[in-house]
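Peer 1:
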Amino acid sequence: MPTHPTAADLSRQLADNVEAFCRRYLSNGHRKGRWWCVGDVHNTQGESLYVRLTGPSSGKGARGKWTDAATGEHGDLLDVLRIQHSESWRGALEEARGFLSLPQPPVSERARPLPEARDTTDSARRMLRYGRPIAGTVAEAYLRSRGLEHAVTQPALRFHPRCLYRLCRKDPAGPDTYHPALLATVTDLSGAVMAVSRTWLAADGRDKAALRNPRRALGNQLGHGVRFPGAVSDLMVAGEGVETVQSVQRVLPGVPHVAALSGAHLAALILPPGLRHLYIARDADPAGERGAAILRRRAEAEGILVTDLDPREDDFNTDLRHLGPQDLALHLAPQLDPNDAVAHLRFEEAAESITA
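In terms of this note's numbering, the sequence shown is residues 1 to 356.
(1) From the DSSP secondary-structure annotation, give me the bridge partner or partners of K170.
(2) Just to confirm the assignment: which complete alpha helix (DSSP H) runs, minimum length 4, are found wholly within the stretch 164-251?
(3) Can you tell me which of the three DSSP states G254 falls into?
(4) Contact check, P229 vs P253 under 8 Å by CB: the rounded distance?
(5) Put G91 into one of helix, strand or coil per three-state DSSP.
(6) What's the gap between the Cα of M194 and the Cα of P5?
(7) Across which residues does DSSP place C37 in a beta bridge pair?
(8) What is the rounded straight-line gap between the Cα of R346 and the Cα of D327?
(9) For D234, count neighbouring C-beta atoms within 10 Å of its own C-beta (all shown protein chains included) and say buried if the count is 16 or more, exposed if not.
(10) Hey, is the stretch 234-247 in contact with the stretch 271-291, meaning 3+ C-beta pairs nearer than 8 Å?
(11) For R312, which three-state DSSP category applies?
(12) Measure from the alpha carbon of G98 to the alpha carbon of each residue in R24, W36, G75, D76, then state which is nearest.
(13) Whose C-alpha, out of R250, R215, I270, is nearest the C-alpha of F316?
(14) What three-state label does DSSP hand H265 in the structure shown?
(15) Rounded to whole angstroms, what is the Cα-Cα separation between H224 and C37?
(16) So what's D340 in DSSP terms, helix, strand or just coil?
(17) Return the residue from the list A231, A92, V196 that minimises the CA-CA distance to R216.
(18) Give me, in chain order, the residues of the same chain whose beta-carbon lies closer than 6 Å to that of D340; leave out the 5 immediate sequence neighbours on both sides.
(19) Under the rule that 16 or more other beta-carbon atoms within 10 Å means buried, what is N17, buried or exposed?
(20) Over what stretch of residues does the beta strand (DSSP E) that includes Y279 continue unbroken?
(21) Three-state secondary structure (DSSP) at L157?
(22) Could you tell me if C168 is buried or exposed, where buried requires 16 or more neighbouring beta carbons within 10 angstroms of its beta carbon?
(23) Short of 6 Å in beta carbon distance, which residues of its chain neighbour R158, apart from the five on each side in sequence? Order them along the chain.
(24) Is the beta carbon of D314 less than 9 Å from the beta carbon of H331?
(25) When DSSP labels each residue in this structure, what does L81 get in the three-state scheme?
(26) Tell me whether A135 sits in a helix, a strand or coil according to DSSP, three-state version.
(27) Can you tell me whether G72 is buried or exposed, with buried defined as 16 or more other CB within 10 angstroms of its CB?
(28) On the CB-based measure, 16 or more other CB atoms within 10 Å of its CB, does T244 come out buried or exposed?
(29) Can you determine whether any heavy atom of the ligand MG sits closer than 8 Å to the C-beta of D340, and answer yes or no?
(30) Based on Cα-Cα distance, which residue from D68, K60, G55, A62 lies nearest to N43?
(31) On the CB-based measure, 16 or more other CB atoms within 10 Å of its CB, does A8 come out buried or exposed?
(32) Between D40 and S48, how many whole angstroms is the CB-CB distance? I'm expecting something under 8 Å.
(33) Express the C-alpha separation of A259 and K60 in angstroms, rounding to a whole number.
(34) Exposed or buried, Q45, counting other C-beta atoms within 10 Å across all chains shown (16 or more means buried)?
(35) Throw me the rounded Cβ distance for the D76 and A15 pair, which I believe falls under 8 Å.
(36) Once DSSP output is grouped into helix, strand and coil, what is the label at R290?
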């Protein structure tokens, strides 16, 4: 290695030691197949930033390259150090030289090659074949416990009676287990299945299963969502979770809804052509607010009118369960465009569901 390596030389050397780099500077993340997943370049908790651990030293698919699904930012490992050092290239270069001169040998890639990456989109489609209608199952009990009995007949939702839960690195040691699960179908704008979300449930359906992470997705989520159709084409409500958007659709049944499944994926949601007005059903937490803000900027740049819908408590499903559908409709009414409220908000149906 030359005495004064160039930035390009340092970038290549960092990429040659990508996993050791991630374990030091992105230590709140974890390895996931051929990727290192973490919240962002500042090493926060989460999984929206992906660092490639394998691949050629340069060009397409090079190791050490990263992308943040929540913001669209991307770069190499030297860019991680630059951002962590408040945009200082000098600080980044010094840190890179220090890291590369550590006396212990760098952590190399596995001696044996990783197996070929599975097509997880195909895996998601295969899993959905095991799904069955929700009526009369544990999943129906779960949805009713959340005030979402209207969602039982939604085509995007299915039930898996015995869904495998594989332990990950962060789980306590033990065997893999099987639990009933609510499946949610993630599709692209054409309706093609791209992923499946699994919510593992307790045996009686009254809550989620007692697992460290009872919700996971399989397949290609980025840009896609769980779609619940409506009668109008120029309006849409987008939110994070299935329970959030189904709570809103209970009182706005004629409007299409889409659940992106996380704040990061909400930010990256691909919007349909012809959309005039987008309502974003926000979750009242930093990740939800950040994802909603990014989606707002993207939509407004396309000339789409955007309105945030804010819950009274932490999310709209909590509001539905605590307020009831009629008061949820009253809470939403002043946040909607008056014409949309008159045309689509269903006070009468909400009131009937209370007395039924």
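Where is the CB? At the ideal position from N, CA and C, for every residue including glycine.
As the structure is a computational prediction, the values presented were derived from the model and not from experiment.
Peer 2: Result, derived from the coordinates:
(1) As a position in the sequence shown, residue 170 is number 170, starting the count at 1. Beta-bridge pairing links K170 to no other residue.
(2) Here the runs fully enclosed are 242-251.
(3) Residue mapping note: residue 254 aligns to position 254 of the sequence shown, counting from 1. In the three-state DSSP reduction, G254 falls in the coil class, being neither helix nor strand.
(4) Here residue 229 refers to the residue found at position 229 when the sequence shown is read from its first residue. Here residue 253 refers to the residue found at position 253 when the sequence shown is read from its first residue. Cβ atoms of P229 and P253 stay farther apart than 8 Å, at about 10 Å.
(5) Within the sequence shown, the letter at position 91 stands for residue 91. G91 carries a helical assignment under DSSP once its states are collapsed to helix, strand and coil.
(6) By one-based count along the sequence shown, residue 194 stands at place 194. By one-based count along the sequence shown, residue 5 stands at place 5. Answer to the nearest angstrom: the Cα atoms are 44 Å apart.
(7) Taking the sequence shown and counting its residues from 1, one reaches residue 37 at position 37. C37 is bridged to H30, Y50.
(8) Numbered from its first residue, the sequence shown carries residue 346 at position 346. Numbered from its first residue, the sequence shown carries residue 327 at position 327. Spanning the two alpha carbons is a distance of roughly 11 Å.
(9) By one-based count along the sequence shown, residue 234 stands at place 234. Exposed.
(10) They touch, by the three-pair rule.
(11) Looking up residue 312 in the sequence shown gives position 312. Coil.
(12) Numbered from 1 along the sequence shown, position 98 holds the residue referred to as residue 98. Its Cα nearest to that of G98, the residue R24 stands out among R24, W36, G75, D76.
(13) For this step, residue 316 is matched to residue 316 along the sequence shown. Comparing Cα positions, the closest option is R250.
(14) On the sequence shown, residue 265 is found 265 positions in, with the first residue counted as 1. DSSP places H265 within a helical segment (H, G or I) once states are collapsed to three.
(15) As a working mapping, residue 224 is identified with position 224 in the sequence shown. As a working mapping, residue 37 is identified with position 37 in the sequence shown. Each residue's alpha carbon lies about 19 Å from the other.
(16) Translated into the one-based positions of the sequence shown, residue 340 becomes position 340. Looking at D340 - three-state DSSP - the assignment turns out to be helix.
(17) As a working mapping, residue 216 is identified with position 216 in the sequence shown. The candidate whose alpha carbon is nearest that of R216 is V196.
(18) Numbered from 1 along the sequence shown, position 340 holds the residue referred to as residue 340. Hits under 6 Å: none found.
(19) Reading the sequence shown from its first residue, position 17 is the one you call residue 17. When all chains shown are included, N17 counts as buried.
(20) Counted from its first residue, the sequence shown places residue 279 at position 279. In this chain, the beta strand (DSSP E) harbouring Y279 covers 277-281.
(21) As a position in the sequence shown, residue 157 is number 157, starting the count at 1. L157: strand per DSSP, three-state reduction.
(22) By 1-based counting over the sequence shown, the position of residue 168 is 168. By the 10 Å Cβ count, C168 comes out exposed.
(23) As a position in the sequence shown, residue 158 is number 158, starting the count at 1. Excluding sequence neighbours, R158 sits near G131, L183.
(24) Taking the first residue of the sequence shown as position 1, residue 314 is located at position 314. Taking the first residue of the sequence shown as position 1, residue 331 is located at position 331. Taking the C-beta atoms as reference points, H331 is found no nearer than 9 Å to D314.
(25) Along the sequence shown, one-based indexing puts residue 81 at 81. If DSSP states are grouped into helix, strand and coil, L81 belongs with the helices.
(26) As a position in the sequence shown, residue 135 is number 135, starting the count at 1. If DSSP states are grouped into helix, strand and coil, A135 belongs with coil.
(27) Translated into positions along the sequence shown, residue 72 becomes position 72. Classification for G72: exposed.
(28) Looking up residue 244 in the sequence shown gives position 244. So T244 counts as buried.
(29) This structure simply doesn't include the ligand MG, nor any ligand for that matter.
(30) In the sequence shown, residue 43 corresponds to position 43, counting from 1. Considering only D68, K60, G55, A62, the residue with the shortest C-alpha distance to N43 is D68.
(31) The sequence position of residue 8 within the sequence shown is 8, counting from 1. A8 comes out exposed.
(32) Sequence index remark: in the sequence shown, residue 40 carries index 40 (1-based). Sequence index remark: in the sequence shown, residue 48 carries index 48 (1-based). With a Cβ gap of about 7 Å, D40 and S48 count as contacting.
(33) Sequence index remark: in the sequence shown, residue 60 carries index 60 (1-based). Sequence index remark: in the sequence shown, residue 259 carries index 259 (1-based). Their backbone Cα atoms lie some 31 Å apart in a straight line.
(34) Your numbering for residue 45 matches position 45 in the sequence shown. Flag for Q45 reads exposed.
(35) Walking along the sequence shown from the start, residue 76 turns up at place 76. Walking along the sequence shown from the start, residue 15 turns up at place 15. That pair is a contact at about 7 Å.
(36) For the purposes of this step, residue 290 is taken as the residue at position 290 of the sequence shown. In the displayed model, R290 falls within a helix according to three-state DSSP.
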